[in-house]
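Engineer: Here it is, the structure in full.
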Amino acid sequence: IDPFNKNCEEAGAVSCPTLAPQTCPPTFTNQIVASSRSPSSRPSAEPTDYPTLSPTLPPQSVARDYIRSKRDEIERSVLVSYTNDGEAFPSTRYTFDGLMNGLDVIAV
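The opening position of the sequence shown corresponds to residue 2 in our numbering, with each subsequent residue numbered one higher.
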């Protein structure tokens, strides 16, 4: 393919790989297979009047709490700026609170 002229230079020079594996056609039988198990007449456990599990936190709360627990490491390793001599110092432009606000915006 010639990107400048937006056409194929020679059709014989192009080969396309097969993306899907080759499969055999399905075979059908006229036999009906009987189920080996019959359904029970009623549920095996009685329903409960109360929840069996306590509610879990939404995933965004779990992630947010984890990120907050790593605040010191993030401020020390990620939210840093460097002088021309290569010395690291805490960034004044990029802050942890700004990071969390940005994550809240994109999480919606």
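We put the CB at the ideal spot given by N, CA and C, even for glycine.
Closest to Pro91 by CA distance: which of Asp50, Arg72, Thr28 and Pro26 is it?
Structural biologist: Minimum Cα distance to Pro91 is reached at Arg72.
Engineer: How many Å lie between Leu54 and Pro27 at the Cα?
Structural biologist: Cα-Cα distance, rounded: 44 Å.
Engineer: According to DSSP, what are the bridge partners of Ala89?
Structural biologist: According to DSSP, which records beta bridges pairwise, Ala89 is partnered with Tyr83.
Engineer: Alpha carbon to alpha carbon, what distance is there between Ser78 and Gly87?
Structural biologist: Distance between the alpha carbons of Gly87 and Ser78 is about 14 Å.
Engineer: How many angstroms separate the CA atom of Asp105 from the CA atom of Tyr51?
Structural biologist: Cα to Cα, the separation comes out at about 34 Å.
Engineer: Rounding to the nearest angstrom, what Cα-Cα distance links Gly140 and Tyr95 in this structure?
Structural biologist: Nothing in the structure corresponds to residue 140, since the chain is present only between 2 and 109.
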